[in-house]
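Undergrad: Protein chains in written order, with the numbering used here: chain A, 60 to 511; chain B, 468 to 760. Quick one: structure below, then a few questions.
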Amino acid sequence: MKTPTRVIAFIGASAIVFSAAPVPRAEAQSTTTLTIATVNNPQMVDMQHEVGDFEKSTGIKVNFETLPENTLRQKVTADIATGGGQFDIATVGTYEVPIWAKNKWIVNLDDYFSKLDAKAKADYDLADVLPSIKKGLSYSGSLYAVPFYGESSMTFYNKKLFKAAGLTMPDHPTWDQIVGFAQKLNDPSKNLYGICLRGLPGWGEMGAPMSTVINTFGGQWFDMSWKPTLDSGATKDAITFYIDTIKKYGEPGASSAGFTECETNFTQGKTAIWVDATSASGLITDPKNSPIAADVGFAYSPTKVTPKGSHWLWAWALTVEGSSKHKDEAFKFLTWATSKHYIGLIAADRGWGNVPPGTRLSTFNNANYKKAAPYGNIILQSIQTADPTNATLNKVPYTGVQFVGIPEFQAIGTQVTQNLAAALTGSTTVDAALALSQTQVTRTMQQAGYYK
Amino acid sequence: MTMARSMRMLLIAPAIVYLAALTQAPFILTLFYSFQKWILTSPELGVSFIGFENFSYTLFQDTTFRAAVINLVIITAGIVILSLFFGLCLALLLHRPFPGQGLARSLAIAPFFVMPTVNAVVWKNLLLNPVFGFVSYFTTHMGLPRVDILAQFPKLGIITMAVWQWTPFMMLILLAGLQSVPDDIREAAEVDGANAWEEFRNITFPLLGPFIQLSVLLATIYVLQLFGEIFVATQGGPGSATTTLPYYVYETISQGNDVGTSSAQGVCAVILASIIAAFLLRLLARTFQVSKA
Chain A
60 MKTPTRVIAF IGASAIVFSA APVPRAEAQS TTTLTIATVN NPQMVDMQHE VGDFEKSTGI
120 KVNFETLPEN TLRQKVTADI ATGGGQFDIA TVGTYEVPIW AKNKWIVNLD DYFSKLDAKA
180 KADYDLADVL PSIKKGLSYS GSLYAVPFYG ESSMTFYNKK LFKAAGLTMP DHPTWDQIVG
240 FAQKLNDPSK NLYGICLRGL PGWGEMGAPM STVINTFGGQ WFDMSWKPTL DSGATKDAIT
300 FYIDTIKKYG EPGASSAGFT ECETNFTQGK TAIWVDATSA SGLITDPKNS PIAADVGFAY
360 SPTKVTPKGS HWLWAWALTV EGSSKHKDEA FKFLTWATSK HYIGLIAADR GWGNVPPGTR
420 LSTFNNANYK KAAPYGNIIL QSIQTADPTN ATLNKVPYTG VQFVGIPEFQ AIGTQVTQNL
480 AAALTGSTTV DAALALSQTQ VTRTMQQAGY YK
Chain B
468 MTMARSMRML LIAPAIVYLA ALTQAPFILT LFYSFQKWIL TSPELGVSFI GFENFSYTLF
528 QDTTFRAAVI NLVIITAGIV ILSLFFGLCL ALLLHRPFPG QGLARSLAIA PFFVMPTVNA
588 VVWKNLLLNP VFGFVSYFTT HMGLPRVDIL AQFPKLGIIT MAVWQWTPFM MLILLAGLQS
648 VPDDIREAAE VDGANAWEEF RNITFPLLGP FIQLSVLLAT IYVLQLFGEI FVATQGGPGS
708 ATTTLPYYVY ETISQGNDVG TSSAQGVCAV ILASIIAAFL LRLLARTFQV SKA
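If you want it as structure tokens, here you go:
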């Protein structure tokens with residue numbers, strides 16, 4: 060009695076195991092499947108919903124691997140650096156593209172664009188893509204990724220709170236003016252705070268707005284011989300200003316406040332001013348998500364000594380990995396996901412307020428978009444004037460507005476912002492944090508071979 | 468060696484070789500990489516053998532590594548000791564039968580099944596957030612200042628989250644231990660006139676010895692690897708206040724993309740964990756040896 064049952068169980072189990080194992084198919088009959096590594100932004104979620112349109116028109120299947128930003132970066136870096144070949148397409152930002160292009164990890168798209176026929180070229184209209192964004196995604200004059208969405212940074216403010224205090228926000232405020240407003244509107248006893256600025260450690264979190272403050276104060280991360288300049292001059296003044304402003308008029312819990320926390324504080328009416336990414340504009344003016352949707356005011360990002368580098372440049376872009384075995388199909392997907400046709404799809408399904416912003420001039424000039432996003436002009440001007448090759452008062456050896464375009468910056472930026480977060484909570488002083496940062500950054504640069 | 472003995476060894480050799488390779492291969496590879504210099508995002512620097520340089524930097528020059536080790540010891544000790552204390556209290560309370568005992572026990576066990584990252588998210592945003600959180604709500608309504616626990620007392624915040632999660636674990640083991648204490652000994656003590664505290668101190672607690680040993684050892688092994696709460700709630704900050712060794716290794720490999728240094732840190736972590744485990748075993752054995760005598 061026992062033996063037959065055991066035999067049946069064994070056969071059943073092996074049947075299940077072997078049916079789950081991949082059966083090799085003949086090459087000629089296979090449909091290509093592209094694997095794309097992506098972040099979980101709302102725009103990417105929309106892309107996953109619309110992918111049926113691409114699969115139907117080309118017969119290529121697409122497999123999405125969604126990961127949080129830091130994990131995505133790490134996984135794709137490890138995959139590419141070790142030649143894993145797990146992904147065909149990766150979502151990358153303006154930080155990675157020049158570095159990975161230099162390492163020959165991603166494909167030069169100029170060759171693929173030149174092979175398009177005249178109609179396809181005209182349909183795609185590469186000239187429509189904003190030049191500054193293209194510049195951020197190029198290396199040695201060639202384009203290596205196509206932007207999926209682009210952003211800069213700007214000032215948001217609560218018009219109701221400003222009116223109640225009798226204040227007016229100028230279109231192009233200075234940091235001194237912003238601090239003045241924050242001081243007048245700061246009222247901790249009523250759980251109201253003057254300004255919300257990111258304090259969460261991370262080169263892409265606190266590092267981004269703080270770097271724009273460094274730039275506009277006339278400072279820089281490194282001098283021309285790659286020595287860090289954190290603890291002296293304009294850079295030190297800028298960082299001290301940033302930390303002090305948050306401590307005096309900023310949100311409590313600043314050292315764990317990133318984009319999301321500040322957005323919550325602002326939309327809940329607890330903060331009067333917020334300087335952050337232009338892509339937040341869609342979220343904070345959506346009545347479904349934001350109780351203060353009707354009271355949001357917009358202005359350019361604040362400046363101090365120079366407008367250069369006062370607002371950042373970032374784009375999430377799609378790129379083809381060098382180890383991909385389906386480069387032509389991957390390029391088809393790239394051009395589909397960033398085409399005018401795709402933007403039209405999103406507009407039809409989700410409304411013009413939710414189209415991927417900041418990539419094409421035609422989007423900004425579209426009448427429907429202008430109606431849905433009246434602040435669009437500030438965003439367009441900000442993106443067009445953000446130049447990663449000219450973002451500082453003095454000459455620097457690096458490119459990038461809110462980051463330094465070297466592979467070591469991930470570690471450096473995170474380390475420095477970690478130290479500054481301790482200064483933010485008061486467990487150390489800004490001077491001590493900057494002194495420690497100088498030592499750590501110098502060591503990292505030495506290890507990486509920039510100097511002995 | 469006889470023929471039979473060597474035959475036996477030969478027959479089980481494949482299984483042992485396979486097991487050894489499977490379990491030791493990752494560590495051997497880590498050891499191999501710890502002697503190399505390999506930075507993933509700088510392929511132009513190549514992969515080169517540099518001997519003990521990674522180790523000498525990690526152990527003698529890296530101040531953050533030292534801070535990470537100290538934080539690890541403080542945070543682990545805090546979590547294990549506090550959850551042992553609260554687990555013991557809960558076990559004592561839930562030991563006697565009362566109406567609703569089954570339900571109370573199930574509710575008390577529930578925190579252990581929450582995933583660490585979920586646990587951290589709820590604590591960070593719902594409870595500890597200084598603007599929106601419940602803790603701030605209560606402190607401000609009692610007239611106390613608005614406290615940002617994760618910024619001012621980050622270690623306390625992390626320890627609190629983890630203690631909430633590990634108390635049920637301690638409680639379960641100690642409950643089993645309490646139920647193994649024979650009733651006749653306790654009745655005899657009652658007859659002799661011992662009050663509740665004396666009975667606990669001289670009878671129950673010593674007999675719980677093996678169970679406390681087991682729970683402390685198991686909990687220490689797992690809590691040493693605590694990562695989810697730190698990653699979600701404080702990201703090792705502010706500064707390096709809550710950077711423990713596992714989190715520091717993660718930072719080195721994922722932010723710095725430095726395979727060599729992170730492997731060296733990993734090897735040091737293994738050695739440290741072995742030392743802690745050996746020390747703990749000896750300490751526990753001694754404690755309960757003395758009280759038994």
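Virtual Cβ for every residue (Gly too), placed ideally from N, Cα, C. In this text the structure is predicted, and so the values were computed from the model without any measurement.
Take B:Trp505 as the anchor and find which of A:Asn99, A:Val110, A:Gln102 and A:Thr141 has the nearest alpha-carbon.
TA: Nearest of A:Asn99, A:Val110, A:Gln102 and A:Thr141 to B:Trp505, Cα basis: A:Thr141.
Undergrad: Quick one, which of A:Val188, A:Gly309, A:His231 and A:Val272 has its alpha-carbon nearest A:Lys243's?
TA: For A:Lys243, the nearest C-alpha among the options comes from A:Gly309.
Undergrad: Can you pull out the residues from the stretch 463 to 480 of chain A whose beta carbon lies closer than 7 angstroms to at least one beta carbon of chain B?
TA: Residues Pro466, Gln469, Ala470, Thr473, Gln477, Asn478 and Ala480.
Undergrad: Determine the DSSP secondary structure at A:Arg84, reduced to helix, strand or coil.
TA: Note on A:Arg84: pLDDT 45, under 50, position unreliable in the model; the coordinate value appears next. Looking at A:Arg84 - three-state DSSP - the assignment turns out to be coil, as it is neither helix nor strand.
Undergrad: Which of helix, strand or coil does DSSP assign to B:Lys504?
TA: If DSSP states are grouped into helix, strand and coil, B:Lys504 belongs with the strands.
Undergrad: Excluding the five sequence neighbours on either side, which residues of its own chain have a C-beta within less than 7 angstroms of the C-beta of B:Asn724, listed in chain order?
TA: Once the five neighbours on either side are set aside, the close Cβ partners of B:Asn724 are Ile506, Leu507 and Thr508.
Undergrad: Given that a residue counts as buried once 16 or more other Cβ atoms are within 10 Å of its Cβ, and exposed if not, what is A:Val122?
TA: It is Asn, not Val, that sits at residue 122 of chain A in the sequence shown. Flag for A:Asn122 reads exposed.
Undergrad: Is B:Ala767 buried or exposed, if buried means 16 or more other CB atoms sit within 10 Å of its CB?
TA: The requested residue 767 of chain B does not occur in the structure, where chain B is confined to residues 468 to 760.
Undergrad: Quick one: Cα of A:Tyr208 to Cα of A:Pro416, how far?
TA: Cα to Cα, the separation comes out at about 5 angstroms.
Undergrad: Below 8 angstroms on the Cβ atoms is my contact criterion, and I expect A:Asp335 with A:Ser212 to pass it. Report the Cβ-Cβ distance as a whole number of Å.
TA: Confirmed, about 6 angstroms.
Undergrad: In the DSSP assignment, find the unbroken alpha helix (DSSP H) run with A:Glu109 in it and report its ends.
TA: Here the alpha helix (DSSP H) through A:Glu109 covers Pro101 to Thr117.
Undergrad: For B:Gly704, would you say it is in contact with chain A, using Cβ-to-Cβ distances shorter than 7 angstroms as the test?
TA: Yes - at least one Cβ of chain A is within 7 angstroms of the one on B:Gly704.
Undergrad: Any beta carbon of chain A sitting closer than 7 angstroms to that of B:Thr584?
TA: Taking Cβ atoms only, chain A never reaches closer than 7 angstroms to B:Thr584, which makes this a no.
Undergrad: With DSSP collapsed to three states, give me the class of B:Ser730.
TA: It is helical.
Undergrad: In chain D, what lies closer than 8 angstroms to A:Gly200 by C-beta?
TA: Absent here is chain D; the protein component of the structure consists of chains A and B.
Undergrad: With 7 angstroms set as the bound, which would you pick, yes or no: does the beta-carbon of B:Pro612 sit closer than that to a beta-carbon of chain A?
TA: False, the Cβ-Cβ gap to chain A never drops below 7 angstroms.
Undergrad: Mark A:Asp408 as exposed unless 16 or more other C-beta atoms lie within 10 angstroms of its C-beta, in which case mark it buried.
TA: When all chains shown are included, A:Asp408 counts as exposed.
Undergrad: Which of the three DSSP states, helix, strand or coil, is assigned to B:Lys759?
TA: A caution first: B:Lys759 carries a pLDDT of 48, below 50, which makes its placement in the model too unreliable to give a value.
Undergrad: Skipping 5 residues on each side, what residues in its chain have a beta carbon closer than 8 angstroms to that of B:Leu526?
TA: Excluding residues within five positions, the ones whose Cβ falls inside 8 angstroms are Phe532 and Cys735.
Undergrad: Which term fits A:Ser340, buried or exposed, when burial requires 16 or more other beta carbons within 10 angstroms of its beta carbon?
TA: Per the 10 Å Cβ criterion, buried.
Undergrad: Since A:Ala445 contacts A:Leu196 with CB under 8 angstroms, what's their CB separation in whole angstroms?
TA: Not really, about 13 angstroms apart at Cβ, beyond 8 angstroms.
Undergrad: Scan the stretch 439 to 489 of chain A and note each continuous alpha helix (DSSP H) run of 4 residues or more that stays entirely inside, going in chain order.
TA: The stretch 439 to 489 of chain A contains these whole alpha helix (DSSP H) runs: 468 to 483.
Undergrad: Spatial neighbours of A:Pro350 within its chain, please: CB distance less than 7 angstroms, with the 5 preceding and 5 following residues excluded, ordered by chain position.
TA: Correct list, in chain order: Thr326, Gln327 and Gly328.
Undergrad: Report the CB separation of B:Pro705 from B:Ala618 in whole angstroms; it is logged as a contact under 8 angstroms.
TA: Between B:Ala618 and B:Pro705 the Cβ distance is about 6 angstroms, and since that is below 8 angstroms, they are a contact.
Undergrad: Do you know offhand how far A:Ser315's Cα is from B:Pro566's?
TA: Spanning the two alpha carbons is a distance of roughly 44 angstroms.
Undergrad: Measuring alpha carbon to alpha carbon, tell me which residue in A:Gly381, A:Leu226 and A:Thr214 is nearest A:Trp234.
TA: Comparing Cα-Cα distances from A:Trp234 to each of A:Gly381, A:Leu226 and A:Thr214, the minimum goes to A:Thr214.
Undergrad: Taking 7 angstroms as the CB-CB limit, is A:Pro350 close to chain B?
TA: By this cut-off, A:Pro350 is not an interface position.
Undergrad: Give the secondary structure of A:Phe123 by DSSP, where H, G and I count as helix, E and B as strand, and everything else as coil.
TA: Here A:Phe123 sits in strand by DSSP.
Undergrad: In chain B, which residues lie with their C-beta within 7 angstroms of the C-beta of A:Thr484?
TA: Those are Ala618, Gln619 and Pro705, listed as they occur along chain B.
Undergrad: Between B:Ile548 and B:Lys622, which are expected to be in contact by the criterion C-beta below 8 angstroms, what is the C-beta distance as a whole number of angstroms?
TA: The pair is not a contact, with the Cβ atoms about 14 angstroms apart (cut-off 8 angstroms).
Undergrad: Can you tell me the Cα-Cα spacing of A:Tyr428 and A:Ala396, whole angstroms?
TA: Roughly 19 angstroms between the two C-alpha positions.
Undergrad: Please decide whether B:Gly723 counts as near chain A, where near means a Cβ-Cβ distance under 7 angstroms.
TA: Closer than 7 angstroms: yes.
Undergrad: Nearest to A:Asn162 by CA position, among A:Ser284, A:Glu380, A:Phe276 and A:Gly152, is which residue?
TA: Here the closest residue by C-alpha is A:Glu380.
Undergrad: What are the partner residues of A:Asn217, as DSSP defines its beta bridges?
TA: DSSP, once it has assigned bridges, lists A:Val355 as partnering A:Asn217.
Undergrad: Show which residues of chain B have a CB atom less than 9 angstroms away from the CB atom of A:Gln443.
TA: Those within 9 angstroms of A:Gln443 in chain B number zero; the least Cβ separation is about 30 angstroms.
Undergrad: Within 10 angstroms of the Cβ of A:Gly143, are there 16 or more other Cβ atoms? Answer buried if so, exposed if not.
TA: Answer is exposed; the Cβ neighbour count stays below 16.
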